[in-house]
Amino acid sequence: MGDIFDTIGFLRGAGPDILARFVRAHGSTDHADIRFEAVFNRSCSANDGEPRESVESESASFGVSVTAADRTGLQGRGQIGVEIGRRAFDRGRLVTELKAALTEAWERARTSARERGAIVRTGGARARSLAARKAAAAPAVEADVAPIFRIDPRGLAPSELGGLARDASAAIAALGPAVAFNAVSATSELRDELYISSGGALIRQGFAFSQGDCYVVAQGADGHQELWDVIGQQRGFEVLLDGRADGVMPNPNLRGFALELAREAIELAAAPVLKPPDHEVTVVTDPHFNSLLAHEIVGHPSEADRALKMEAAYAGRSWLLRSLDISEKGRRIGSPLLSAGSDPTIDGYGFYRYDHEGTAGRPVKHIDGGIFREFMNSRATAAILGAEPNGSARATAAALVPLIRMSNTFFLAGADDPAKMIADVDHGYWVRGHQIPSIAESRENFRISARRVYEIERGQIGRLYRSGSVMGDSKKFFMNVDAVGNDLRLVAIPNCGKGQPMQAKRMSNGGPTLRSRARLAGG
Amino acid sequence: MIKASDLRRFAREGARVLAAESDLAEFELYCSSAEQFVMRINYTSEIPCNGVEEGKSLAADGFALRIVPRGNPHEIGIGISAGEIGLEPLRAALAQARQTIVADPDFAGLPARPRTYAAPPRAAAGLMNIEGSDLVSAAWRIVDGAVGVLDNSAGVPPGVVIGGDLTVTRDRMALASSHFDDVRVDESATFSSSVTALIETLDAKGTASALGQSIAQMRASVPMLGRRAVEGALGLGGGERPPAGNYRIVFGPQPVAEILCYMVVPSLTTGAFHAASSAYHGRFGDAVMDRRLTLIDDPQWKFGAINRRITCEGLPARRSELIRGGHLVGLMSTVYDSHRMATDEHRGEKLGARAPANPRFPAHSGYRLGEGGSRRYDSTPGAAPTNVIMRASGGVSEKKLIEAVGDGIYVGRVWYTYPINGQRAGDFTCTISGDSYLIRDGRLAGAIAPNCLRINANLKNVFDAPIACGRSISPALVWGSPEAFYVPPIAVASISLSRVGE
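Protein chains in written order, with our numbering: chain A, 1 to 523; chain B, 1 to 502.
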């Protein structure tokens with residue numbers, strides 16, 4: 001039968017011609033593209049020290065997107081996604097399905113353009129915004145980016161990955177009856193993506209992902225604690241087996257990570273529930289907690305589609321943009337110590353070279369010394385904002401539509417010593433590790449629960465509490481940042497959800513230790 | 001999509017091939033074909049927009065094979081084939097399954113009964129045949145309706161945002177097993193549409209939604225959603241921003257649905273009890289809600305948007321009574337989880353003193369679902385709700401509900417509801433995001449500005465002792481959740497609210 005990854009090579013040769021012929025035959029086409037991917041995934045899980053499941057899957061999928069115009073130039077867009085799988089081995093069938101999908105996408109695009117034109121022509125002033133400007137086409141880039149791994153996921157025996165998950169789960173179970181339940185899973189994946197556009201782009205990118213998940217429920221006489229966390233790298237199985245010591249996102253091996261999480265859950269189950277004061281306090285938040293802050297309060301509101309209200313119905317808007325005339329761009333939203341950005345070029349869980357519109361990914365500075373600077377964008381949203389495209393449009397699968405997504409989004413490191421940041425606090429709280437977020441509709445307010453909350457009294461770390469959350473208004477929290485640590489760390493975030501249908505994307509978020517003021521909530 | 005007859009034929013032929021493999025004690029062959037269409041709507045009056053942002057779809061076919069080799073009855077192997085059904089991919093999947101065998105002491109065999117099952121006939125539904133371009137046009141009717149209201153309304157200020165989607169999900173499955181004498185086949189199609197209108201300069205938000213199983217329902221309900229959302233927003237502008245404090249609250253159907261979706265339903269599975277993570281840990285059989293409340297999951301409810309006749313384990317999809325008269329009396333489950341709960345040496349502690357000595361949790365709810373809620377061959381069976389129905393005995397009209405509150409807040413829509421301290425603690429937080437009103441002297445007294453208040457509460461505050469419950473139930477959609485909710489409004493005595501923003 002062959003190797004499904006060979007399909008990439010076939011389409012590199014055949015794909016541009018398929019697309020060129022399609023565009024010639026469908027004269028109203030402004031843009032068309034094909035994305036194809038082959039994916040190999042091996043996953044194993046264990047509960048309470050016993051194996052649960054071992055799964056190997058090999059799949060292939062494609063997505064085609066067509067933008068077509070009506071006679072007045074108004075555009076519509078159609079997109080078809082197909083998980084073609086093993087049918088891709090039959091090259092003739094693959095080509096037939098691609099052509100059929102392009103035609104169907106074109107028909108939807110034309111229908112949409114026609115309907116749009118009818119409203120624009122007959123509608124009143126309110127229909128003017130539907131006469132949208134067109135985005136510039138991506139440059140005709142050719143590129144080939146290889147994945148990085150030492151141990152190829154395809155070469156792993158199921159028992160290697162399964163043994164690792166079972167061993168970690170058994171180690172947790174051996175901690176005793178304080179652990180009521182544990183679940184450990186390990187995944188190693190290889191994916192190969194191809195992007196071909198009618199503008200001449202031909203980009204191949206390979207990725208290796210390896211990830212370990214651990215969920216623990218600990219309980220004692222006085223309480224219980226659930227914890228879940230993840231380690232993940234764009235590497236092979238070696239990062240789960242041996243851990244990874246270098247880079248901005250180091251992790252222990254899977255067993256070490258799982259045991260550490262379980263011990264923390266046991267300690268927290270015995271800790272009292274936080275009963276916070278009824279006023280604002282000083283909080284020192286650690287890098288792990290700040291990863292969710294960066295994610296929810298910087299990253300998501302800095303996505304241009306969200307800012308331009310394109311997701312208002314399900315994901316809300318952004319506190320960073322009220323209208324095209326009223327936004328925080330160029331204005332102070334945080335203390336001069338605070339900076340944050342997104343960077344797909346660094347070696348984090350969200351690394352890539354090109355987005356899924358063929359635009360090269362580059363660092364995007366969202367906050368610079370407290371001033372808001374730039375949104376992540378796509379070609380269409382860049383055109384609306386009058387900005388340069390910065391390569392932030394990605395989909396989690398070739399069959400899905402690219403959305404504006406974070407890559408590696410984090411607060412930048414400062415100069416302060418984290419130990420001194422705590423020692424300088426007369427009374428406050430040290431907040432470590434994130435759990436669950438809840439954010440207001442434009443992300444102007446948040447409540448994020450923490451794993452550990454310690455009292456700080458006269459610079460000394462005191463009692464440990466569980467079930468504590470930090471609550472605040474986003475801008476006020478950022479304006480009150482009065483110290484930024486030198487201990488930048490990123491963590492893997494495997495499941496950022498966005499879009500309809502939902503796309504759960506891998507990325508990394510993080511930052512250094514921060515100190516600010518906020519209210520706390522308890523249990 | 002692959003036709004149901006082709007899925008059935010492959011399952012039957014595949015079963016014949018597998019039955020001849022001498023090393024297999026048991027096997028199960030599950031194949032599915034699914035398609036989801038999503039027409040995303042985005043209109044902004046002051047920002048260039050596309051109206052219908054994209055007309056997109058996703059198709060996925062394939063099969064999964066589970067085998068139990070002779071020898072150790074706790075061993076199970078899984079093989080998956082994406083994109084193709086047929087005997088050649090079946091042989092490849094069988095080789096894969098043999099390589100991935102694990103010995104799981106909690107695995108006690110594949111679903112086995114009933115050996116035959118004649119599923120009830122299902123009504124014909126045009127949604128199985130609707131084309132993508134037709135849905136593109138239907139989505140533009142929504143936009144047209146909304147823009148039309150704006151054009152015809154004098155003095156509507158700038159800053160109008162209309163968003164949402166029209167989604168059609170359709171799937172088919174066929175399952176053959178060494179335990180079954182027949183091939184189990186099912187198919188279903190559902191539409192849902194949710195439209196939100198914001199008038200930013202008025203700080204106003206209105207929503208409208210529809211869901212159902214038939215093309216007739218879709219044609220009747222969807223075109224007016226844009227208009228209804230805008231009209232709702234126009235009626236809600238200039239809202240007040242109440243201070244923080246404890247309030248008497250009416251939770252409307254959408255908030256009740258969202259709290260059930262994220263806080264209650266995930267706790268009502270055997271899996272959650274086994275993992276000691278249920279919000280009702282140790283309380284099976286106890287009064288966990290007010291005695292007026294019942295909660296059921298019904299995959300074949302005639303008024304429900306979801307229709308499942310057969311689960312993804314090949315078993316009859318049946319109604320599960322979860323809460324009766326406020327008491328926890330049932331859990332959703334799969335075959336694996338039911339066995340694991342039954343043999344759990346700690347089940348006494350996990351279920352609690354009021355649970356039966358040998359509780360049985362029928363596996364009526366095992367589905368293999370993907371992100372969009374359609375059946376997926378490569379998902380593991382998990383307990384999943386379908387049509388979730390909450391009723392209240394002695395329910396009153398909404399007018400009486402509001403009167404019973406006296407002074408307080410009617411919460412029509414909440415946002416981002418999560419178990420902030422973990423599932424088991426029952427604590428949740430969310431923000432009041434729209435469609436909400438002040439209540440004064442037992443009457444609605446004016447709109448509340450959206451997004452100005454955060455709820456910090458526990459499940460007990462909502463369901464333990466409501467002031468009153470609504471008599472009628474309404475459908476409600478929760479974003480990102482494939483199940484459908486049918487729930488009454490509920491009035492409660494004290495919910496803590498904090499301010500959002502200055």
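Using N, Cα and C, we set each Cβ at its ideal position, and we do this for glycine too.
Return the residue from the list the options that minimises the CA-CA distance to residue i.
i                : options                                   : result
Ala68 (chain A)  : B:Tyr43, B:Ser81, B:Asn456 and B:Glu53    : B:Glu53
Pro418 (chain A) : A:Thr513, A:Gly350 and A:Phe446           : A:Thr513
Ile142 (chain B) : A:Pro147, A:Ser112 and A:Val141           : A:Ser112
Ala383 (chain A) : A:Ile8, A:Val481, A:Arg317 and A:Ala136   : A:Ala136
Val145 (chain A) : A:Trp228, A:Ala387 and A:Tyr352           : A:Tyr352
Gly370 (chain A) : A:Asp355, A:Ala360 and A:Pro336           : A:Pro336
Asn458 (chain B) : B:Pro482, B:Gly426, B:Leu438 and B:Trp301 : B:Gly426
Pro419 (chain B) : B:Asp297, B:Leu135, B:Met263 and B:Gln217 : B:Met263
Ile296 (chain B) : B:Arg228, B:Thr417 and B:Ile389           : B:Ile389
Glu371 (chain B) : B:Phe27, B:Leu24, B:Ala59 and B:Ile41     : B:Ala59
Cys31 (chain B)  : B:Ala93, B:Asp23 and B:Ile47              : B:Ala93
Asn451 (chain B) : B:Ile432, B:Phe251 and B:Ala355           : B:Ile432
Val141 (chain A) : A:Ile119, A:Pro153, A:Arg204 and A:Gly123 : A:Arg204
Leu490 (chain A) : A:Asn509, A:Gly499 and A:Ser474           : A:Asn509
Pro277 (chain A) : A:Lys476, A:Ala492, A:Gln79 and A:Met471  : A:Met471
Ser494 (chain B) : B:Ile455, B:Ala138, B:Ala484 and B:Val478 : B:Ile455
Ser339 (chain A) : A:Gly391, A:Ser28 and A:Val298            : A:Val298
Asp242 (chain A) : A:Asp30, A:Leu227, A:Gly212 and A:Ala269  : A:Gly212
Glu53 (chain A)  : B:Asp104, B:Arg291 and B:Leu331           : B:Asp104
Arg248 (chain B) : B:Glu231, B:Phe63 and B:Glu403            : B:Glu403
Based on DSSP bridge pairs, tell me the residues matched to residue i.
i                : result
Gly212 (chain A) : A:Ala186 and A:Ile231
Cys496 (chain A) : A:Lys505
Phe63 (chain B)  : B:Cys31 and B:Ser81
Arg517 (chain A) : A:Thr282
Val52 (chain B)  : B:Ile41
Asn251 (chain A) : A:Arg244
Ser192 (chain B) : B:Thr167 and B:Leu211
Glu53 (chain A)  : A:Ser45
Thr409 (chain A) : A:Ser342 and A:Asn509
Is the shortest distance between the beta-carbon of residue i and the beta-carbons of chain B less than 9 angstroms?
i                : result
Val401 (chain A) : yes
Met310 (chain A) : yes
Cys44 (chain A)  : yes
Tyr354 (chain A) : no
His224 (chain A) : yes
Gly316 (chain A) : yes
Met471 (chain A) : yes
Val298 (chain A) : no
Val95 (chain A)  : no
Is the CB of residue i under 9 angstroms away from at least one CB in chain A?
i                : result
Cys261 (chain B) : no
Ile101 (chain B) : yes
Asn421 (chain B) : yes
Ile78 (chain B)  : yes
Gln254 (chain B) : no
Trp140 (chain B) : yes
Tyr418 (chain B) : yes
Is residue i near the ligand HEM, judged by its Cβ being under 8 angstroms from some heavy atom?
i                : result
Ala521 (chain A) : In the structure shown, the ligand HEM is absent, as is every other ligand, since no ligand is present at all.
Query raised in the report: Going along the segment 44-62 of chain B in order, which residues come within less than 8 angstroms of chain A, judged by CB to CB distance?
Result: Thr44, Ser45, Glu46, Ile47, Pro48, Cys49, Asn50, Gly51, Val52, Glu53, Glu54, Gly55, Lys56, Ser57, Leu58, Ala59, Ala60, Asp61 and Gly62
**Report entry** chain B contacts from the segment 119-140 of chain A (Cβ-Cβ distance under 7 angstroms)
**Finding:** Ile119, Gly123, Gly124, Arg126, Ala127, Ser129, Leu130, Ala132 and Arg133
Report task. Would you check if the segment 300-310 of chain A and the segment 250-263 of chain A touch, i.e. whether three or more CB-CB distances between them fall below 8 angstroms? Result -> no
Report task. Check whether the segment 178-194 of chain A touches the segment 38-51 of chain A, taking contact to mean three or more Cβ pairs, one atom from each stretch, closer than 8 angstroms. Result -> yes
Report task. Kindly confirm or deny that the segment 103-120 of chain B and the segment 198-205 of chain B touch, where touching means at least three C-beta pairs closer than 8 angstroms. Result -> no
Query raised in the report: Which of the residues in the segment 107-118 of chain A, read from start to end, lie with their CB under 7 angstroms from any CB of chain B?
Result: Glu107, Arg108, Thr111, Ser112, Glu115 and Arg116
Query raised in the report: Between the segment 481-508 of chain A and chain B, which residues of the former have CB atoms less than 8 angstroms from a CB of the latter, in chain order?
Result: Gly497, Gln500, Pro501, Met502, Gln503 and Ala504
Query raised in the report: Are at least three pairs of beta-carbons, each pair with one atom in the segment 164-172 of chain B and one in the segment 22-41 of chain B, less than 8 angstroms apart?
Result: yes
Report task. Assess, as a yes-or-no matter, whether the segment 317-325 of chain A is touched by the segment 422-435 of chain A under the definition of 3 or more beta carbon pairs within less than 8 angstroms. Result -> no
Query raised in the report: When Cβ atoms are compared, which residues of the segment 166-187 of chain A fall closer than 8 angstroms to chain B?
Result: Ala180, Phe181 and Ala183
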